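Worksheet: the structure to be examined is printed underneath.
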Amino acid sequence: MINNIKALTLSSYLAMFFLGVGASIIGAAAQNIGLSPAQIGLLIAVQNVGFMLSVFVAGTLADSYEKPKILLVGSLMLAVSFFTFFLSELFWVNLLLMLLFGAGMGVYEGVTDAMLLQLHPQRASLHINVNHFFVTFGSIMIAAYLLALQMNWRQSVIQAGAVVLLLALFFGVARLKNRGGRTESYQERLNLISRDRRIVALVIVTILAVGVEIGSINILTTFLGQLRGFSETASKIGLIVLLVGIAAGRLLVGLLTHKKRLAISLLSLLGLSGFFFGGLFFLPLDNWLYPAIFLAGLSLSAVLPLIITLAGLLYPSMAGTALGVIKTALPIGGILLPFLMSLVAEYGSFQLSLLLFPLACLLAFVVLFWEIKPHQVARSAASWSVD
Numbered sequence: 309m310i311n312n313i314k315a316l317t318l319s320s321y322l323a324m325f326f327l328g329v330g331a332s333i334i335g336a337a338a339q340n341i342g343l344s345p346a347q348i349g350l351l352i353a354v355q356n357v358g359f360m361l362s363v364f365v366a367g368t369l370a371d372s373y374e375k376p377k378i379l380l381v382g383s384l385m386l387a388v389s390f391f392t393f394f395l396s397e398l399f400w401v402n403l404l405l406m407l408l409f410g411a412g413m414g415v416y417e418g419v420t421d422a423m424l425l426q427l428h429p430q431r432a433s434l435h436i437n438v439n440h441f442f443v444t445f446g447s448i449m450i451a452a453y454l455l456a457l458q459m460n461w462r463q464s465v466i467q468a469g470a471v472v473l474l475l476a477l478f479f480g481v482a483r484l485k486n487r488g489g490r491t492e493s494y495q496e497r498l499n500l501i502s503r504d505r506r507i508v509a510l511v512i513v514t515i516l517a518v519g520v521e522i523g524s525i526n527i528l529t530t531f532l533g534q535l536r537g538f539s540e541t542a543s544k545i546g547l548i549v550l551l552v553g554i555a556a557g558r559l560l561v562g563l564l565t566h567k568k569r570l571a572i573s574l575l576s577l578l579g580l581s582g583f584f585f586g587g588l589f590f591l592p593l594d595n596w597l598y599p600a601i602f603l604a605g606l607s608l609s610a611v612l613p614l615i616i617t618l619a620g621l622l623y624p625s626m627a628g629t630a631l632g633v634i635k636t637a638l639p640i641g642g643i644l645l646p647f648l649m650s651l652v653a654e655y656g657s658f659q660l661s662l663l664l665f666p667l668a669c670l671l672a673f674v675v676l677f678w679e680i681k682p683h684q685v686a687r688s689a690a691s692w693s694v695d
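The sequence shown runs contiguously to residue 695 in this note's numbering.
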């Protein structure tokens, strides 16, 4: 049986890499498969339903059961999803399989961060940031790999399924006993966490931050093409610059952020995100657009990992349940802000809809700043991560 800390840590990184692959597989392969925009939207929606249900259940179970065993189940679901991805020509069959796809991804999202909090209590911020760096890295790599393979796209998903199956075998022989098992029932744990205003604040901030991240990734090429006159190739380069900024920021902030400065770091990044996204979308930056895109991605990059770290440190003995509550906000954020943006663009203008991005960052800053007690920010913020 394997209980090596380094092996378990690396397995978490690899799991999140394939979560990133799964999150981007529809968009990356859509043209090769011949999916319509309506079909793409429906597939992503069903995937997010599976994700939302799974991430909460898996996170809650992580406080009572061995985390590698839960990850084994998630790996098997994800491996089957990769192997059967659009193997059938019946769309409704693929729609059902996307529910399984989302469920496997939700297990990874719900359990790996809790496992890292247990493995690395003193360096949790670093490892969770690196964990989420691998999500972005996976998204970049599947897009690049499918670009190289073109029509032979199925080869990539079969290979992904094979690696995830090997990962399942590893989790099957891995061991990691939970420390200080909880005596409260699931309902008692949930009631305790939901009454904490700090957790409520982090859920709101998560919804807003995820909405900005997903919305900006999906709208950036259109913004560059329609409002800044970029070519299709130049717009795609802009998207790559944004993703690189997000990936680099997660590594950099993870290395530099001290445990006792997590809340202050989160506030700083939210403020900078509002500033840089406002400048990116509303200032005539001309030749400075690419640097502005990179800085926007850099500032937003570590917001989600820091939220996850804070939530886990607030409830270290039931981190899985706390993270499960926080992570149910991920698909909500991915739906809410883009939907509001589409309404504003439809009944107002595309340029006006972009105002939602800096406003969401500002609102997230205000919510968090208010809960940390403005008159004692430094002392109160430090207490968030050591209570």
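The C-beta atom is built at its ideal place from N, Cα and C for all residues, glycine as well. Nothing here was measured: the structure is a model prediction, and the numbers come from that model.
- Serine 319 sits close to phenylalanine 478, with the two beta carbons spaced by under 8 Å.
- Between glycine 641 and isoleucine 601, the CB-CB gap reaches or exceeds 8 Å.
- For glycine 537, no alpha helix (DSSP H) encloses it, and the DSSP letter there is neither H nor E.
- By the criterion of at least three beta-carbon pairs nearer than 8 Å, the region 518-527 is in contact with the region 605-620.
- In the three-state reduction of the DSSP assignment, alanine 610 falls in the coil class.
- Burial check for glutamate 654: the Cβ neighbour count within 10 Å stays below 16, so the residue is exposed.
- Restricted to the region 444-485, the alpha helix (DSSP H) segments that are unbroken, complete and at least 4 residues in length are 461-481, listed in chain order.
- Residue environment analysis places threonine 617 among the buried positions, since at least 16 neighbouring C-beta atoms fall within 10 angstroms of its C-beta.
- According to the DSSP assignment, aspartate 421 belongs to the alpha helix (DSSP H) that extends over 399-427.
- Assignment of phenylalanine 394 by DSSP, reduced to helix, strand and coil, places it in the coil class.
- Ranking Arg506, Ile333, Ala604 by CA distance to the CA of serine 464 puts Ile333 first.
- Annotation: the continuous alpha helix (DSSP H) that includes tyrosine 655 extends over 637-655.
- For the pair leucine 403 and valine 354, the CB atoms are nearer than the 8 Å cut-off.
- Distance between serine 502 and phenylalanine 364, taken at the CA atoms: about 13 Å.
- In this structure the region 665-672 does not lie against the region 538-554, because fewer than three pairs of beta carbons, one per stretch, are closer than 8 Å.
- Approximately 7 Å separates the beta-carbon atoms of alanine 411 and leucine 361; this is inside 8 Å, confirming the contact.
- Taking a cut-off of 8 Å on C-beta distances, the region 414-428 touches the region 322-331, as three or more cross pairs fall below it.
- The straight-line gap separating the alpha-carbon atoms of leucine 500 and arginine 558 is approximately 30 Å.
- Burial of leucine 588 is indicated by the presence of at least 16 other C-beta atoms within 10 angstroms of its C-beta.
- Proximity to phenylalanine 531 across Phe590, Phe584, Val381 peaks at Phe590, based on C-alpha coordinates.
- Assignment of glycine 342 by DSSP, reduced to helix, strand and coil, places it in the coil class.
- The shortest CA-to-CA distance from threonine 444 to any of Val329, Leu651, Asn595, Leu621 is the one to Val329.
- Membership of leucine 667 in the alpha helix (DSSP H) is indicated by the continuous run 664-679.
- Around the beta carbon of phenylalanine 585, 16 or more other beta carbons lie within 10 angstroms, which makes this residue buried.
- Here the alpha carbon of phenylalanine 677 sits roughly 10 Å from the alpha carbon of leucine 671.
- For leucine 574, the enclosing alpha helix (DSSP H) begins and ends at 570-590.
- Rounded to whole angstroms, the Cβ separation of isoleucine 680 and valine 511 is 15 Å, and the two are not in contact under 8 Å.
- Distance from the Cα of glutamine 347 is smallest, within the candidate group Leu475, Leu645, Pro599, Trp400, for Trp400.
- Leucine 484 places its beta carbon less than 8 Å from that of lysine 375.
- Its chain contains Gly523 as the residues whose beta carbon lies nearer than 6 Å to that of proline 646, once the 5 sequence neighbours on both sides are disregarded; these appear in chain order.
- Distance between valine 508 and tryptophan 461, taken at the CA atoms: about 42 Å.
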